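Start counting at 1 in the sequence shown, then tack on 42, and there's your number in the numbering used here.
Quick reminder that beta carbons are idealized off the backbone N, C-alpha and C, glycines included.
Note that the coordinates shown come from a computational prediction; the quantities given were computed from them, not determined experimentally.
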Amino acid sequence: MNIFYTGKIELSIVILCYRAGESARDFVKKTIQELEVNNIKNYELMLVGNYLKDSHDITPIVVADIASNDSRIRYIAKVKEGMMGWDMKSGLEIASGQYIAVIDGDGQMPIGDIAKVYKKIKDEKFDLVKTFRIKRGDSVWRKCISAVYNNIFHILFPGLHTKDINAKPKIFTRQAYEKFHLTSDDWFIDAEIMIQARRLNLKIGEIPTVFLGLTGRRSFIKMGTVFEFLRNMIRYRINEFKK
């Protein structure tokens, strides 16, 4: 259970800022603008600026500076002990809202989707709401990998009527979050969330989105990551049979 929860914050937004550097400032600025346009006032932003030991990543300095200028913003910046999953968990653990959203801060996911998933989860009483990508601005390689990955996922975990396992933003209620037992420290955590949502029989909603092209850096998804996904899916499927 989250020891920081006070019941006062309605929406927590966890922004994954790994190696975002100065671009995190613009992402946060646009996020706040979108929240204001949609009249969302009771919120907090959790900036996750974890970094690799001995790296020259300036992100921890940037997120600390951003947070110092706005009481609605908190940050975490620790030496990494894992990859994306570890970062996400470290942000979720300090989120205090009744609804918790998570989004990558690299600019590929439209910031306006946060307000959309928030509205849907509140208005339609879902436990979890996520996006699904109807158009992708990234490479053919990434598109093919995603298609294969999603198809294999649905073969191994039938009955989960969702179109795009890894798409974000994802938002869930605090009650749903506290039922999760997330263990993945790597890129599998999005799938782990959906597998556990399936097991818990959560009410899941989706909205369509357009995935933008990645600018400023190369993707962190490598061939080894693909095999990691597959191993994790098989491991989870075996564990499901044991339950």
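Run of the beta strand (DSSP E) containing residue i, from where it starts to where it stops
i, result
"Ile249", "Ile246 to Phe253"
Supposed close pair residue i, residue j - CB separation, criterion 8 Å
i, j, result
"Ile118", "Gly133", "6 Å"
"Val70", "Ile108", "6 Å"
"Ala66", "Leu89", "7 Å"
"Glu248", "Lys172", "6 Å"
"Ile145", "Lys185", "Contact doesn't hold; Cβ gap of about 20 Å is too wide."
"Phe253", "Gln150", "6 Å"
"Leu224", "Lys131", "6 Å"
Whole-angstrom distance between residue j and residue i, CA atom to CA atom
i, j, result
"Leu87", "Asp180", "27 Å"
"Asp96", "Lys167", "45 Å"
"His288", "Asp169", "Past the boundaries of the shown model lies residue 288; the chain is included only from 43 to 285, so the question cannot be answered."
"Thr204", "Val159", "15 Å"
"Arg240", "Phe230", "15 Å"
"Ile194", "Arg175", "17 Å"
"Leu53", "Asn111", "20 Å"
"Lys212", "Ile235", "10 Å"
"Lys72", "Phe283", "44 Å"
"Tyr60", "Met126", "8 Å"
"Tyr278", "Phe269", "14 Å"
"Lys161", "Leu244", "18 Å"
"Ile103", "Ile115", "14 Å"
"Asp206", "Lys120", "30 Å"
"Gly124", "Leu58", "13 Å"
"Ile100", "Lys122", "14 Å"
"Asn2", "Ala143", "Here the chain comprises residues numbered 43 to 285, so residue 2 is not present and cannot be evaluated."
"Val190", "Phe271", "11 Å"
"Ala62", "Asp155", "20 Å"
"Ile136", "Phe214", "15 Å"
"Ile237", "Tyr85", "28 Å"
According to DSSP, residues forming a beta bridge with residue i
i, result
"Lys212", "Val144 and Lys172"
"Ser54", "Glu86 and Ile142"
"Lys177", "Val252"
Enclosing alpha helix (DSSP H) for residue i [first to last residue]
i, result
"Trp229", "Where Trp229 is concerned, there is no enclosing alpha helix (DSSP H), given that its DSSP letter is neither H nor E."
"Phe199", "First-last for Phe199: undefined, no H or E at that position."
"Ile156", "Asp155 to Asp165"
Distance cut-off 7 Å: residue i Cβ against heavy atoms of the ligand FAD
i, result
"Lys120", "The ligand FAD is absent from the structure shown, which contains no ligand whatsoever."
| field | Ordered list of alpha helix (DSSP H) runs contained in the segment 59 to 137, each at least 4 residues | value | 65 to 79, 101 to 110 and 126 to 136
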